[in-house]
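Accompanying notes for the structure given below.
Have a look at this one:
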């Protein structure tokens, strides 16, 4: 432990020294290894210039426009405004009277593809539960793009982007992948271009249960933290070797896939998505992030976020939450229905997430419940602001807010036209565009994806 | 804080008791499939509904509750639940009684396992769930045991009707319990009922004459038969304990409902077929995710269905044809269908049923889908599950004479954003505080005070 601390200090000193001497190489010049060996091949599908008029618009940035107009073309949002907004020549006009337009829903926590339907053992690819530390695995290598769940999330939930995470058996579960909800033959074909990777971390019951029951560490919460800290110490040393190499050249250090991921976190390139339920444990994880110099992007399943909403606001950490799940295990025992609005009310970043192939189809309704529970507790948040929980805030926590998550000119045209107020149980998506391409139309059976698995099966192409 | 103190004072001053009252000016939905009535009245006397509707007179001298701007319905009846059997599902010894791996199966009775003080009971009560069918999980055998109807009242007497039904798994779970094949599950099932048939003499005295005659086995398909009759002595061919076999006597005789879980279309038909060999069985199908593909045959059988409303994924090979239109299509075909939380947080989130029901209403506006009317949707979470197990005359609607399980909602109860503002069970007004509401009050404001949070109570 002491040696490691010394090493860190030396590293800092050495780097400063390098800068002072103009970074003169002491060996062969450094070669950067490929950080994107499984690159996105996603290409947006063709769309037509489209104008939706007379709809109620939630732009995802807290704005509501009655009798609003949304214009998109060339895959991007062009303009959002009132009835005065002019249409370009040849644009398809859609009458949105009585309907709502929002940015596409973004689920920051999904296991679609990794735990697909049918949920048989042969398809169970979400937890590399062979060691509590597996940052070397990448969720995208488990994603089965034929999971029928993607289509349900699109058609019933208006979900246009989702983050697929490895499971929570491990303290370090591996890398997440962000995908656009557009069917493809390969996972690469769904991969969101330019989205940063996430690192799935977990605290609490799951790692200690999975490994404790095998008689290995961690068996306790203190074991969770100890193993995680030891791992970060190794990661720091690994990063030091590479920093030195990139500064001075010489022999390339030996690659370690697991440490590559953690170095990416320490470099700020990979965002930490931390499964953690209890307030006290979240505080421990925050301290650990300070100890090793990384940032937690979001706590997932943060059922006790309301107890430390002020700390989360101060730290700038998002909380991804359910509306009303509770009590299914001890660390969910103190879940309350006002969690999401309380977190929002404290000035922290609130996100509605699903962690569920069925729940992902109703994230809008989940937000509606939380919103109403908050109002009953005297927290008055408007519908249009609450929509931030469904698109803006998850995009922010996933590092893609510059590309999607709001109806802002220049961003991807990920748009949902709802057949009513999306905070009602009686409302469903009528049309969903992804990058300006119409990927779902309730009135057109041809605009309804059917996975390979469902072809020739009972119910193929049903409305589902 | 003031509100909580007021509640406590009220509770201290007067023990919970049934009262006579009238709820006026609300939007009243009776739970019988009819549409809601604006400005309706509900009259309750001595724990029973006296009248509900548009032109109902308020009797002199009863307490009047003004529900202007509110909705009034019967309490939600959980169609298929494990409510009261578990406080915490996972890794918390002592908190979960939902299934048994012990030596007995059909003989198990959920009554001694139900804890009316379990947190989920209060949470669901606070959301307008007033009754629930409580079903044990299977252990080692395809038979799970005998379920009950409970109320969610804040008292120590939760049982409305004990041992009302037996539960058996005959789909994929049953297959697993039977050693890996559905064929095995069906043989086990038949064998069990035949063991019960031989034990008729051990049954309760009420069995003897009329009901007894109905159970004489009639084998119309030789492939269905195995060893039974005078030569099949129990001592030579026993798979069930005597307790378990005895517990199946009332099932065999049609004195106890038999809830059968099956999802796959072929399994559903297999369950319907059981009636040919055992015509006295009072079967209720549970699940039936693929039921819509054989809806006409279910309808002809007259067997009611308690279905999962929003299963739309091929989550398993027995649910390949899953669609949210299942319930609507069954309803359209004439099946008596209601909603349960089958294998879906059935120990705790019964309150999701009203949101699910609202989702079925939404399907009316989705081209190609089959939804249900608002009135039907409410009935499917109130009167319909009650009717499926023969309790429709007692609970589940605001018809005269029914137990006064009444909820006043902030708005349309099929909207998840609405909340229960007053809940009556048997005419008794219920407390709505829970572990959750107390936590919310404690942490509503975070700034540090003179004493730690633990002193805020």
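Protein chains in written order, with full-length UniProt numbering: chain P, 1 to 464; chain R, 1 to 457.
Glycine included, every Cβ here is placed at the ideal spot set by N, Cα and C.
Check: Taking Cβ positions only, does residue 113 of chain R come closer than 8 Å to chain P?; Outcome: no
Check: With a cut-off of 8 Å, does the C-beta of residue 182 of chain R fall near any C-beta of chain P?; Outcome: no
Check: Taking DSSP as the reference, what is the three-state secondary structure of residue 289 of chain P?; Outcome: helix
Check: In its own chain, which residues sit with a C-beta less than 8 Å from the C-beta of residue 298 of chain R, not counting the 5 before and 5 after it?; Outcome: 268, 272, 285, 288, 291, 305, 330, 333, 335
Check: Beta carbons nearer than 8 Å to chain R: which residues of the segment 422-442 of chain P have them?; Outcome: 423, 424, 425, 426, 427, 428, 442
Check: Let me know the secondary structure DSSP gives residue 318 of chain R once reduced to three states.; Outcome: coil
Check: Select from the segment 87-114 of chain P all residues with a C-beta closer than 7 Å to any C-beta belonging to chain R, and list them in chain order.; Outcome: none
Check: Can you look up residue 273 of chain R in the DSSP assignment and give me helix, strand or coil?; Outcome: helix
Check: With residue 41 of chain P as the anchor, note down where its beta strand (DSSP E) starts and where it stops.; Outcome: It is not in any beta strand (DSSP E) - residue 41 of chain P carries neither H nor E in the DSSP assignment.
Check: Could you compute how far the alpha carbon of residue 75 of chain R sits from the alpha carbon of residue 27 of chain R?; Outcome: 15 Å
Check: Whole angstroms is fine: what's the gap from residue 49 of chain P's alpha carbon to residue 71 of chain P's?; Outcome: 7 Å
Check: Determine the extent of the alpha helix (DSSP H) in which residue 340 of chain P is found, giving its start and end residues.; Outcome: 339-345
Check: Buried or exposed: where does residue 259 of chain R fall if 16 or more other Cβ atoms within 10 Å of its Cβ makes it buried?; Outcome: buried
Check: For residue 28 of chain P, collect the residues of the same chain with a Cβ closer than 7 Å to its Cβ; drop the 5 residues on either side in sequence, then sort them by chain order.; Outcome: 249, 250
Check: In angstroms with no decimal places, state the Cα-to-Cα distance between residue 396 of chain P and residue 323 of chain P.; Outcome: 20 Å
Check: Determine whether the Cβ of residue 35 of chain R lies closer than 8 Å to any Cβ atom of chain P.; Outcome: no
Check: Could you check whether the Cβ of residue 371 of chain P sits closer than 8 Å to any Cβ belonging to chain R?; Outcome: yes
Check: Quick check: what's the CA-CA separation for residue 275 of chain P versus residue 295 of chain P?; Outcome: 14 Å
Check: Taking the beta carbon of residue 55 of chain R as the centre, do at least 16 other beta carbons fall within 10 Å, making it buried, or is it exposed?; Outcome: exposed
Check: Exposed or buried, residue 434 of chain R, counting other C-beta atoms within 10 Å across all chains shown (16 or more means buried)?; Outcome: buried
Check: Could you tell me which whole beta strand (DSSP E) segments of length 3 or greater appear in the segment 30-93 of chain R?; Outcome: 37-45, 48-53, 63-66, 71-74, 76-81
Check: Report the residues of the segment 430-449 of chain R with a CB closer than 7 Å to any CB of chain P, ordered along the chain.; Outcome: 436, 439, 440, 443, 444, 446
Check: Would you mind working out which of P:437, P:240, P:232 sits nearest residue 74 of chain P, comparing C-alpha positions?; Outcome: P:437
Check: Can you list, in chain order, the residues of its chain whose CB lies under 6 Å from that of residue 123 of chain P, leaving out five sequence neighbours each side?; Outcome: 116
Check: So with CB distances below 8 Å, who are the chain R contacts of residue 329 of chain P?; Outcome: 88, 89, 90, 91, 92
Check: Identify which residue in R:256, R:37, R:50 has its Cα closest to the Cα of residue 405 of chain R.; Outcome: R:50
Check: Could you work out which residue in R:445, R:18, R:396, R:364 is closest to residue 79 of chain R when comparing CA atoms only?; Outcome: R:396
Check: For residue 96 of chain R, write down the residues that DSSP places opposite it in a beta bridge.; Outcome: R:86
Check: Which same chain residues end up closer than 8 Å to residue 459 of chain P when comparing Cβ atoms and leaving out the 5 residues on each side of it in sequence?; Outcome: none
Check: For residue 398 of chain P, tell me which candidate among P:349, P:451, P:59, P:246 has the shortest Cα-Cα distance.; Outcome: P:349
Check: Going by beta carbon distance, what residues of the same chain come within less than 6 Å of residue 126 of chain R, once the five residues before and after it are set aside?; Outcome: 432, 434
Check: Rounded to a whole number of angstroms, what is the C-alpha to C-alpha distance between residue 260 of chain P and residue 254 of chain P?; Outcome: 11 Å
Check: When DSSP labels each residue in this structure, what does residue 72 of chain P get in the three-state scheme?; Outcome: strand
Check: Using a C-beta to C-beta distance shorter than 8 Å, which residues of chain P count as neighbours of residue 80 of chain R?; Outcome: Here the premise fails: no neighbours, minimum Cβ distance about 17 Å.
Check: Consider the Cβ of residue 336 of chain P: report whether some Cβ of chain R lies at a distance smaller than 8 Å.; Outcome: yes
Check: Got a sec: does the ligand GDP put a non-hydrogen atom nearer than 7 Å to the Cβ of residue 247 of chain R?; Outcome: The ligand GDP is absent from the structure shown, which contains no ligands of any kind.
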